[in-house]
Amino acid sequence: LVFSPPHPHLWILRPPAAASSGDQQQTPWTVYRGAFSPAMAAVEEKKREYARKATQKRVGSSTKASSVESGLNKFEVKKTMDDATREFLKTAMKQDRLCATLESREVESLLKGMKYFEFSKGTPIIKEGETGSQFFVLQKGAAEVTVGGALINTMTEGCAFGGLALLYNCPRTATVTATSDIVAWGASGA
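When we follow my numbering, the leftmost residue of the sequence shown carries the number 220, and every step to the right adds one.
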């Protein structure tokens with residue numbers, strides 16, 4: 220059997236090609252939560268394909284950002300990304316459930332377009348209900364995530380947020396506010 224990891228939590232097992240395979244098609248078997256299922260392989264592949272296509276359509280599109288996110292330029296600082304920062308951002312993006320579906324070239328495309336931001340304590344970075352276009356990775360500092368005013372999470376360096384804005388022109392599902400001075404890198408889907 221040949222093992223190939225198309226996704227960190229999904230392994231596809233393909234039987235080796237038979238010498239006289241003829242017109243028979245090889246069925247990929249998926250190991251998913253300990254069960255073998257060719258149907259599950261197709262479902263998982265469709266999910267990844269849909270996520271990739273949605274990203275290709277959204278990243279670099281001309282969707283307008285909300286007035287709040289248009290104001291993010293006042294937090295932008297001109298800075299060149301060094302190799303250590305690039306690797307840090309790649310690692311953080313691989314740990315994000317949305318970015319984990321991206322192909323290497325899509326990650327590289329995002330990295331090329333990322334800008335450096337500095338936010339002071341108490342600054343709302345994204346606001347629930349407002350249409351967004353920015354995806355962020357925290358490099359330094361901490362932030363809190365609230366939904367409907369209730370604290371649901373805290374984030375520190377290496378955490379990514381705002382990824383849905385890269386795929387869909389939809390309202391933000393949470394508010395992220397700096398709880399300390401923050402350094403973040405952001406990519407725009409607009």
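Idealized CB from N, CA, C, for every residue including glycine.
Report the option in the options whose CA atom is closest to the CA atom of residue i.
i, options, result
"V296", "Y335, L329, S328, L321", "Y335"
"V356", "M333, K293, E327", "M333"
"N388", "S323, E349, F294, G290", "E349"
"E325", "F338, K309, E337", "K309"
"K293", "V366, T342, K359", "T342"
"A379", "V402, D302, L291", "V402"
Can you give me the C-alpha to C-alpha distance between residue i and residue j, rounded to a whole angstrom?
i, j, result
"L329", "R391", "20 Å"
"A319", "K313", "5 Å"
"A386", "G408", "Sequence check: residue 386 is Leu here, not Ala. For L386 and G408, the distance between alpha carbons rounds to 8 Å."
"F354", "G382", "5 Å"
"K346", "G405", "15 Å"
"K340", "E327", "30 Å"
"N372", "T396", "11 Å"
"M300", "G377", "15 Å"
"A384", "T394", "13 Å"
"G360", "L321", "26 Å"
"T365", "S399", "16 Å"
"R305", "Q358", "11 Å"
"C316", "M374", "The sequence given here places Arg at residue 316; Cys does not occur at that position. Each residue's Cα considered, the two are about 15 Å apart."
"E337", "A369", "25 Å"
"G204", "K331", "Given a span of 220 to 409 for the chain in the structure shown, any question on residue 204 remains unanswerable."
"G290", "A362", "19 Å"
"G351", "A311", "20 Å"
Across which residues does DSSP place residue i in a beta bridge pair?
i, result
"Y335", "V296, W404"
"T394", "T365"
"T350", "P390"
"L370", "T365"
Could you please give the first and the last residue of the uninterrupted alpha helix (DSSP H) stretch that includes residue i?
i, result
"A311", "302-314"
Counting along the chain, where does the beta strand (DSSP E) carrying residue i start and finish?
i, result
"N388", "Unbroken run through N388: none, as it is neither H nor E."
"E376", "E376 -> no beta strand (DSSP E), and no H or E assigned at all."
"L357", "353-359"
"A362", "362-366"
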